[in-house]
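Shown next, in C-alpha cells, is the structure this report addresses.
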Amino acid sequence: MESNSKFETCGICGVEKQKGIHLYTLYICCDCEQKIIHTEPSDAAYQHYLDKLKNMKQTTLYS
Ligand SMILES: [Zn+2]
3 MESNSKFETC GICGVEKQKG IHLYTLYICC DCEQKIIHTE PSDAAYQHYL
53 DKLKNMKQTT LYS
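With our numbering applied, the sequence shown corresponds to residues 3 to 65, in that order.
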C-alpha cells in the first residue's frame, strides 16, 4: 500500500500524475513516457519532446 499522495507535475503535458519517471530533473508521466517511446524520431512531436527536455536542462543550469 502506497501512502504517498504527493503527485508531481509532468514536464511535458503539465498535468499532475501519480505514475511517472524522472529524466534528469524532468518528471515525465507514464502517458508521456509511452508517447515518447512510440514516437518516431522523424515525427514532429518527437522534436517537441526533445525541446522540452532541452529547456528543462537549461533552466536547471542557469537557475
Ligand atoms: Zn505527461
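Note that beta-carbon positions come from the ideal geometry of N, C-alpha and C, so glycine has one too.
- When only Cα atoms are considered, LYS56 and GLN20 end up about 23 angstroms apart.
- By the 16-neighbour rule on beta-carbons within 10 angstroms, LEU52 is exposed.
- The DSSP-derived three-state label of ILE39 is helix.
- As computed with DSSP, LYS19 is found in a beta bridge with GLU10.
- Distance between MET58 and HIS24, taken at the CA atoms: about 12 angstroms.
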